[in-house]
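The structure appears right after this line, and notes come after that.
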Amino acid sequence: MSHEQYKNCIEECLKCMQECNHCFDACLKEKDIDMMRDCILLDRECATLCSLAANTMSINSPFVREICELCAKVCEACGNECNKHNHHEHCKKCAEACFACAKACRMMVA
10 MSHEQYKNCI EECLKCMQEC NHCFDACLKE KDIDMMRDCI LLDRECATLC
60 SLAANTMSIN SPFVREICEL CAKVCEACGN ECNKHNHHEH CKKCAEACFA
110 CAKACRMMVA
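Residue numbers (this note's numbering): 10 to 119.
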């Protein structure tokens with residue numbers, strides 16, 4: 010597959026990575042940090058996988074399909090967790106980015 014065909018998905022992965030990193034940092038500053046524990050953990054895992062997926066696509070790895078499938082699953086889990094805290098603007102934006110990335114990754118493997 011050409012780099013142009015990966016372009017949208019790479020962009021969504023990088024956007025999601027940034028939102029997850031921002032959400033992670035903001036969650037650490039919330040008053041009830043214990044309530045944010047799962048969100049924080051998923052933010053880190055999601056950001057890592059989004060970075061990996063973008064990198065994998067940029068080098069046209071033979072494992073793109075598997076990594077994008079996993080990235081979509083983790084993005085969805087992170088988005089669902091962030092939706093539980095959508096009264097925080099950072100969680101709301103993160104959930105939106107996660108669901109957009111999951112959709113883009115699923116389109117890559119369809």
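We put the CB at the ideal spot given by N, CA and C, even for glycine.
### Query
Quick one: what does DSSP say residue 39 is sitting in, helix, strand or coil?
Counting from 1 along the sequence shown, the entry for residue 39 is found at position 30. Of the three classes helix, strand and coil, the one that applies to residue 39 here is coil, per DSSP.
### Query
For residue 19, which of helix, strand or coil comes out of DSSP?
As a working mapping, residue 19 is identified with position 10 in the sequence shown. In the three-state reduction of the DSSP assignment, residue 19 falls in the helix class, which pools H, G and I.
### Query
Since residue 99 is in the alpha helix (DSSP H), which residue starts that stretch and which ends it?
Here residue 99 refers to the residue found at position 90 when the sequence shown is read from its first residue. Where residue 99 is concerned, the enclosing alpha helix (DSSP H) stretches over 98 to 118.
### Task
Given a cut-off of 8 Å, decide if residue 100 and residue 84 are closer than it, judged by their beta-carbon atoms.
Along the sequence shown, read from residue 1 onward, the residue named residue 84 stands at position 75. Along the sequence shown, read from residue 1 onward, the residue named residue 100 stands at position 91. Not closer than 8 Å, so no.
### Query
Going by alpha carbons, who is nearest to residue 114 out of 80, 95, 103, 97?
Here residue 114 is taken as the residue at index 105 of the sequence shown, counted from 1. Answer by Cα proximity: 80.
### Message
Rounded to the nearest angstrom, what separates residue 96 and residue 107 at their Cα positions?
### Response
The sequence position of residue 96 within the sequence shown is 87, counting from 1. The sequence position of residue 107 within the sequence shown is 98, counting from 1. For residue 96 and residue 107, the distance between alpha carbons rounds to 17 Å.
### Task
Tell me whether residue 72 sits in a helix, a strand or coil according to DSSP, three-state version.
Numbered from 1 along the sequence shown, position 63 holds the residue referred to as residue 72. Three-state result, residue 72: coil.
### Task
Please report the residue range of the alpha helix (DSSP H) in which residue 45 lies.
What you label residue 45 is simply residue 36 of the sequence shown in a count that begins at 1. No alpha helix (DSSP H) contains residue 45, which DSSP labels as neither H nor E.
### Task
State the CB to CB distance for the pair residue 17 and residue 56, rounded to an integer number of angstroms; the pair is presumed to be in contact (CB under 8 Å).
In the sequence shown, counting from the first residue as 1, residue 17 sits at position 8. In the sequence shown, counting from the first residue as 1, residue 56 sits at position 47. Contact flag wrong, Cβ pair sits at about 19 Å.
### Residues of its chain near residue 142, where Cβ-Cβ distance is below 7 Å and the 5 sequence neighbours each way are ignored
With the chain represented from 10 up to 119, any question about residue 142 goes unanswered, as that position is not in the structure.
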